[in-house]
Ligand SMILES: Nc1nc2c(ncn2[C@@H]2O[C@H](COP(=O)(O)OP(=O)(O)O)[C@@H](O)[C@H]2O)c(=O)[nH]1
Ligand SMILES: [Mg+2]
């Protein structure tokens with residue numbers, strides 16, 4: 001991947017549609033344009049839409065609306081152009097071939113954003129935020145991604161970095177000037193000041209990490225396992241929750257062999273409900289494989305709906321099941337209320353065939369602590385991991401300084417913390433453009 005190449009791509013989905021958008025960006029943009037439009041490219045005004053014919057070998061490829069952007073005032077920071085063309089895939093291919101013929105290259109995934117990062121148009125936090133927004137799969141996910149795009153996260157880590165730099169420089173100033181003079185009264189003052197600053201920032205980071213973890217969870221959505229013995233109404237419950245006929249329901253125990261799943265947006269969040277094979281002792285080989293999958297699904301779930309139509313004593317005595325749901329939010333759902341109206345066991349009693357399931361859904365939301373709307377400045381596993389690593393180094397600095405009050409060790413750990421902040425934002429000299437592209441931009445959409 002060469003960041004200085006002039007690149008082109010289809011930025012909209014590759015299907016027949018009214019319009020399609022093709023992007024061109026890079027230092028040779030004007031040169032490419034000079035071959036394909038009849039207008040003098042030096043007279044093009046930036047950010048203005050032109051209705052033009054695109055030419056190749058004396059033939060018109062398409063009549064398009066073209067917007068020219070002049071670097072650095074463009075998304076990528078390079079000269080670039082967007083073409084709004086007719087959404088026919090033959091035209092799209094001809095258009096891309098034409099751009100390639102006159103000097104562009106078809107882009108890899110995320111290369112436009114990589115150019116923007118390279119040209120200082122955005123840091124990695126912002127770039128990742130844009131990708132998170134595009135990939136958001138629920139309303140709440142979209143909202144969280146929009147919040148993280150505000151740029152406040154970059155400000156927060158920049159402020160933290162400046163404070164760590166200031167801690168470091170006050171310690172180092174002291175070492176340089178008064179190293180042999182440990183009785184100097186100022187020594188304690190400097191150490192105490194740095195300790196207080198570290199302590200405040202460590203606490204602040206705990207808060208940010210917690211919020212990031214929650215945001216990540218909410219962004220990805222939740223896995224809910226529906227588990228229990230055969231024939232208790234698990235598949236009926238799945239169908240009722242999804243309001244569709246997803247899983248086969250029958251009075252024959254052992255009907256569900258594999259995990260059957262379906263998605264549903266509740267309260268703006270994505271839930272993946274997973275109906276499992278009924279758990280029982282069996283000699284049937286295929287059924288036993290299904291039951292193994294049931295246990296795996298329970299282990300991976302964020303919450304388990306434990307279903308029974310005749311009380312939960314047997315399940316409470318099942319050691320394997322007990323271990324699988326250990327420390328996991330669990331709701332005991334007593335089914336077939338119509339047949340057994342005095343069912344008093346379990347957290348709630350339902351008839352999946354006729355009841356409104358809102359109370360169950362409310363219980364799921366409250367068990368997962370989702371009733372409060374979560375706000376977070378950071379989103380993504382990469383962010384979460386870096387925040388944790390930064391905090392670890394700060395804790396090491398704090399412990400070393402408060403134990404030994406020795407400044408030398410602390411300088412090293414503080415420097416590592418600062419290096420991690422640089423990596424997080426993409427300001428580090430140790431990361432090459434290729435490394436950054438592989439870890440981040442290569443996961444973006446084509447044409448972004
Ligand atoms: N009366 C009544 N029957 C139910 C209810 N839920 C499920 N059933 C019936 O119980 C049988 C087993 O249901 P199914 O969902 O396949 O159970 P699973 O093996 O746990 O998945 C089927 O005949 C369903 O129609 C309910 O709430 N009331
Ligand atoms: Mg079933």
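Numbering (the working numbering), first residue to last: 1 to 448.
Idealized CB from N, CA, C, for every residue including glycine.
If you're wondering where the values come from, they're calculated on a predicted model, not measured in any experiment.
Not a single heavy atom of ligand 2 lies less than 7 Å from the C-beta of residue 432. Burial state of residue 78 is buried, judged by a 10 Å Cβ sphere holding 16 or more other Cβ atoms.
Beta-bridge annotation (DSSP): residue 271 is paired with 222 and 264. Checking the 7 Å criterion, the Cβ of residue 235 is within range of a heavy atom belonging to ligand 1. Where residue 333 is concerned, the enclosing beta strand (DSSP E) starts and stops at 330–334. In this structure, the CA atom of residue 440 is about 44 Å from the CA atom of residue 177.
Across the structure, residue 355 and residue 238 are spaced so that their CA atoms are roughly 13 Å apart. Within 7 Å of the C-beta of residue 347 there is not a single heavy atom belonging to ligand 2. Measuring C-alpha to C-alpha distances from residue 126 to each of 394, 379, 430 and 417 identifies 379 as the nearest. Judged by their CB atoms, residue 234 and residue 276 are nearer to each other than the 8 Å cut-off.
For residue 50, the beta-bridge partners assigned by DSSP are 66. Around the beta carbon of residue 261, 16 or more other beta carbons lie within 10 angstroms, which makes this residue buried.
In this structure, DSSP gives residue 428 a state outside helix and strand, which the three-state scheme calls coil. For residue 140, the number of other beta carbons within 10 angstroms of its own is at least 16, and it is reported as buried.
Contact annotation: residue 205 and residue 390 have beta-carbon atoms nearer than 8 Å.
Annotation for residue 302: no alpha helix (DSSP H) segment contains it, and DSSP assigns it neither H nor E.
The three-state reading of DSSP puts residue 10 in strand, counting E and B together. Taking the Cα positions, residue 16 is about 6 Å away from residue 89.
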